[in-house]
Amino acid sequence: MQARPLGWARNPLTEFDQLLSEMSGLIESTVGGATTAVAWTPSADVAESDDAFRVEIELPGVRSQDIDVEANGQELVVTGEIKEKEHKGVLRRSTRRTGAFEYRLRLPGEVDTEKINARMSDGVLTITVPKAEVAKPRHVEISETSESTGSSG
Numbered sequence: 001m002q003a004r005p006l007g008w009a010r011n012p013l014t015e016f017d018q019l020l021s022e023m024s025g026l027i028e029s030t031v032g033g034a035t036t037a038v039a040w041t042p043s044a045d046v047a048e049s050d051d052a053f054r055v056e057i058e059l060p061g062v063r064s065q066d067i068d069v070e071a072n073g074q075e076l077v078v079t080g081e082i083k084e085k086e087h088k089g090v091l092r093r094s095t096r097r098t099g100a101f102e103y104r105l106r107l108p109g110e111v112d113t114e115k116i117n118a119r120m121s122d123g124v125l126t127i128t129v130p131k132a133e134v135a136k137p138r139h140v141e142i143s144e145t146s147e148s149t150g151s152s153g
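Sequential numbering of the sequence shown, starting at 1, is according to full-length UniProt numbering.
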């Protein structure tokens, strides 16, 4: 198992989100009825290479036109909604996630928001966020100016 870097790549609320989902399902199956709509966070992996961050978000069954990707500085926000499908007959049990979802990520370095690329394939949204080019050090030449000595006459 490859060790993950501490900090930014892991969503600390994942376990809480899973617990909330399980509790909502338990309440709904026991009591019935709808629970309060809360935006859920889809599962994702974040990888870093020398030149970019690559974010893969699992969104099976979601159409690309139902997803919004925004980048503001170092923050990446992916939002959307999975609408519940109409069913014929009585739906006895459903474990599929529906409703609004939101994925937020604060990247640990400067990024080039103008060159972000997103594509959807086989239920996985892949977002490539290029790192900003680091300003390269350059040598600055110092020019000499001759000071004119003022003569008063």
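Where is the CB? At the ideal position from N, CA and C, for every residue including glycine. This one's a predicted model, so the numbers in the text were calculated from it and none came from an experiment.
Suppose you measure from the CA of Tyr-103 to the CA of Thr-41; what does that come to, to the nearest Å? 5 Å
Continuous beta strand (DSSP E) stretch holding Arg-104: start and end: 99-106
Compute the distance between the beta-carbons of Glu-75 and Arg-106, then report whether it is under 7 Å. Yes.
Start and end residues, beta strand (DSSP E) containing Gly-123: That residue, Gly-123, is in no beta strand (DSSP E); it is neither H nor E in DSSP.
Determine the direct distance from the alpha carbon of Ile-142 to that of Val-124, and round the result to whole angstroms. The C-alpha of Val-124 lies about 54 Å from the C-alpha of Ile-142.
Backbone secondary structure at Glu-70 - three-state DSSP: If DSSP states are grouped into helix, strand and coil, Glu-70 belongs with the strands.
Here's a check: name, in chain order, each residue in its chain whose Cβ is nearer than 8 Å to the Cβ of Lys-88, leaving out the five neighbours to either side. none
Taking its Cβ as the centre, do 16 or more other Cβ atoms sit within 10 Å of Leu-91, making it buried, or is it exposed? exposed
Length of the line joining the Cα atoms of Val-111 and Ala-71: 10 Å
Counting along the chain, where does the beta strand (DSSP E) carrying Arg-54 start and finish? 52-58
Look at the alpha carbon of Asp-50 and the alpha carbon of Val-69, and state the distance between them as a whole number of angstroms. 23 Å
Quick one: grab the DSSP three-state call for Lys-115. DSSP places Lys-115 in helix when its eight states are reduced to three.
Going along the chain, which residues of its own chain have a beta-carbon closer than 7 Å to the beta-carbon of Arg-97, five neighbours each way excluded? Cβ within range, chain order: Trp-40 and Ile-82.
List the endpoints of the continuous beta strand (DSSP E) containing Leu-76. 75-82
Please go through the same chain and pick out, in chain order, the residues whose beta-carbon is closer than 6 Å to the beta-carbon of Thr-126, but skip the five residues on each side of it. Glu-56 and Arg-119
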